[in-house]
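See structure below.
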Amino acid sequence: MTTTPIKVPYLDLKAQYCSLKPEIDDALTRVLESGQFVLGQEVSAFEEAFAAYCGAAHCIALNSGTSALHLALLAAGVGLGDEVITVPFTFVASVAAIEYVGARPVLVDINRDSFTIDPVAIERAITARTRAILPVHLYGQPADMDPIMDVARKHSLVVIEDAAQAHGAQYKGRPVGSIGELACFSFYPGKNLGAYGEGGAVTTSNPDFARAIRMLRDWGQDRKYHHVLRGFNYRMEAFQGAILRVKLGHLDQWTETRRSLARKYDQLLPDAGVETPREMPYARHVYHVYTVRTYDRDALQKALHAAGIQTAIHYPVPVHLQPAYADLGYKHGAFKHSESAAGQVLSLPLYPELSPEAVAEVSNEVRRALSTKVHSEV
Ligand SMILES: Cc1ncc(COP(=O)(O)O)c(C=O)c1O
Numbered sequence: 000m001t002t003t004p005i006k007v008p009y010l011d012l013k014a015q016y017c018s019l020k021p022e023i024d025d026a027l028t029r030v031l032e033s034g035q036f037v038l039g040q041e042v043s044a045f046e047e048a049f050a051a052y053c054g055a056a057h058c059i060a061l062n063s064g065t066s067a068l069h070l071a072l073l074a075a076g077v078g079l080g081d082e083v084i085t086v087p088f089t090f091v092a093s094v095a096a097i098e099y100v101g102a103r104p105v106l107v108d109i110n111r112d113s114f115t116i117d118p119v120a121i122e123r124a125i126t127a128r129t130r131a132i133l134p135v136h137l138y139g140q141p142a143d144m145d146p147i148m149d150v151a152r153k154h155s156l157v158v159i160e161d162a163a164q165a166h167g168a169q170y171k172g173r174p175v176g177s178i179g180e181l182a183c184f185s186f187y188p189g190k191n192l193g194a195y196g197e198g199g200a201v202t203t204s205n206p207d208f209a210r211a212i213r214m215l216r217d218w219g220q221d222r223k224y225h226h227v228l229r230g231f232n233y234r235m236e237a238f239q240g241a242i243l244r245v246k247l248g249h250l251d252q253w254t255e256t257r258r259s260l261a262r263k264y265d266q267l268l269p270d271a272g273v274e275t276p277r278e279m280p281y282a283r284h285v286y287h288v289y290t291v292r293t294y295d296r297d298a299l300q301k302a303l304h305a306a307g308i309q310t311a312i313h314y315p316v317p318v319h320l321q322p323a324y325a326d327l328g329y330k331h332g333a334f335k336h337s338e339s340a341a342g343q344v345l346s347l348p349l350y351p352e353l354s355p356e357a358v359a360e361v362s363n364e365v366r367r368a369l370s371t372k373v374h375s376e377v
């Protein structure tokens, strides 16, 4: 069997490292020489910088975005018997973390155009047990936060932003991470702000939440070997803090580049027969992924692959139709927009190191692939 050489990879983390090599190597050497490998000065310095970047009073650095969701829910007091409202069209962690604290995920559909939670559907899903709303800023575009915060205020609910894909995104000029009471970030390597390993953080301006999360990530200690809470080992490693601090300095420039490459796709692709992503009027989208829609998704992905272009599907099966979550009790047809998105979306390569020429090449291949099909319009 012959494999097609990759002409345009979906992601190129090595190219980014090469562009930052001296800064990253210095940061790693600093950690090696400090002898402090978990939390410590490098992590605190990153926490301070990232809190300021998000416009939040506190940032607590953790070992993953999943841990961030888990601890944010615990700090908000969500527990056994409570309900948390979120979407099925997300990475599984948004839903899984709700069950980690013993609560029940109550799912509502997304808005077709934004791929984020439909604020109107939230109010219908509220019961006496609802404690929190967990909107996901999917693909790097903030959910429509004003109506979400209004419903939350009306029913005394906590809002926890899942900002795992949205570092630097803005809602009506406000950075994500500063809108809900708590926000959760992932620094998984492929994220817009990615570590060189696992990483995550919670941002909040509530000092009580911040204090609880700081203790919970480190075995619930308020001092060494004094455990006031039942905690976890969710601490960030010093290497990751040092790397993230270097990378944070480049994030705005990378976001600008992502946005300009997205504009280029926006111009070239409608003509090629796919529906391009919509930047909502309230949003500054950071294009963690650039996702198009087409009825011919699987055929398009195959054709691009044959042309040496890597793509991805975020996500092929919504959470309510995953075998592991069958017992949530939702059936096929429960969430029409989530289900149709899962069958139609295709993420094209988009990262700061991608050249505009590569964007043109991908767009041409999309056109070529779809020109041989009849049902390419959504
Ligand atoms: C929307 C969303 N939430 C949560 C997570 C979990 O983050 P992590 O992989 O760092 O645990 C991710 C990671 O991909 C995500 O995309």
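Here the sequence shown stands for residues 0 to 377, where the numbers follow numbering that gives the first Met the number 0. Even glycine gets a Cβ: it sits at the ideal position worked out from N, Cα and C. These figures come from a predicted structure and were not determined experimentally.
The residue from Ala92, Tyr99, Asp108 and Ile84 with its alpha-carbon nearest to that of His331 is Asp108. For Arg123, the CB contacts under 8 Å within the same chain, skipping 5 residues up- and downstream, are Val107 in chain order.
The stretch 70-80 makes no contact with the stretch 269-277: fewer than 3 CB pairs, one atom from each, lie closer than 8 Å.
For Tyr289, no alpha helix (DSSP H) encloses it; the enclosing beta strand (DSSP E) starts and ends at Tyr289 to Arg292. Counting only runs of at least 4 residues, the stretch 261-310 fully encloses the following alpha helix (DSSP H) elements, listed from N- to C-terminal order: 296-305. Ranked by Cα distance from Cys58, the first of Phe49, Ala340 and Leu10 is Phe49. Within 10 angstroms of the beta-carbon of Gly80 lie fewer than 16 other beta-carbons, which makes it exposed.
Sequence-distant partners of Val91 (beyond 5 residues in either direction) whose C-beta falls short of 6 Å from its own C-beta, in its chain, are Val318. Within the chosen limit of 6 Å, ligand 1 reaches the beta carbon of Tyr187 through at least one heavy atom.
Relative to ligand 1, Phe90 has its C-beta within less than 6 Å of a heavy atom. For Arg257, the number of other beta carbons within 10 angstroms of its own is at least 16, and it is reported as buried.
Of the candidates Asn62, Leu137 and Gly240, Leu137 places its Cα closest to the Cα of Ser93.
Going by DSSP, Ile159 is part of the beta strand (DSSP E) stretching over Val157 to Asp161. Distance from the CA of Lys6 to the CA of Arg222, rounded to the nearest whole angstrom, comes to 53 Å. When DSSP states are grouped into helix, strand and coil, Glu364 belongs to the helix group.
Three or more Cβ pairs drawn from the stretch 131-145 and the stretch 280-287 lie within less than 8 Å of each other, which places the two stretches in contact.
Scanning the stretch 21-75 from its first residue to its last, the whole alpha helix (DSSP H) runs of 4-plus residues come out as 39-53 and 64-74. DSSP, read as helix, strand or coil, puts Val105 in strand. Annotation: the continuous beta strand (DSSP E) that includes Ile132 extends over Thr129 to Ile132. Apart from the 5 residues on each side of it in sequence, His304 sits with its Cβ closer than 8 Å to the Cβ of Thr3 and Thr310 in its chain, given in chain order.
With contacts defined by Cβ atoms closer than 7 Å, Glu41 and Gly240 form a contacting pair. The alpha-carbon of Gln300 is positioned some 10 Å away from that of Ala306. With a cut-off of 6 Å, the C-beta of Asp161 is classified as near ligand 1, since at least one heavy atom of the ligand falls inside that distance.
One alpha carbon belongs to Tyr264, the other to Ile159, and they sit about 32 Å apart. Per DSSP, Val245 has no beta bridge partner at all.
Remark: the shortest separation between the CB of Ser63 and any heavy atom of ligand 1 falls under 6 Å.
Between the alpha carbons of Ile178 and Val245 lies a gap of roughly 25 Å. The beta-bridge partner set that DSSP reports for Val344 consists of Arg292. Taking the Cβ of Gly199 as the reference point, at least one heavy atom of ligand 1 falls within a distance shorter than 6 Å. When only Cα atoms are considered, Glu180 and Thr89 end up about 21 Å apart. Counting only runs of at least 4 residues, the stretch 182-265 fully encloses the following alpha helix (DSSP H) elements, listed from N- to C-terminal order: 206-215 and 237-247. Of all alpha-carbon atoms in Gln15, Ile132 and Ala127, the one lying nearest the alpha-carbon of Val119 is that of Ile132. When rounded, the separation of the alpha-carbon atoms in Leu260 and Leu349 is 7 Å. Taken atom to atom, the span from the alpha-carbon of His313 to that of Ser346 is near 7 Å. Judged by DSSP secondary structure, Val83 falls within the beta strand (DSSP E) whose first and last residues are Glu82 to Thr85.
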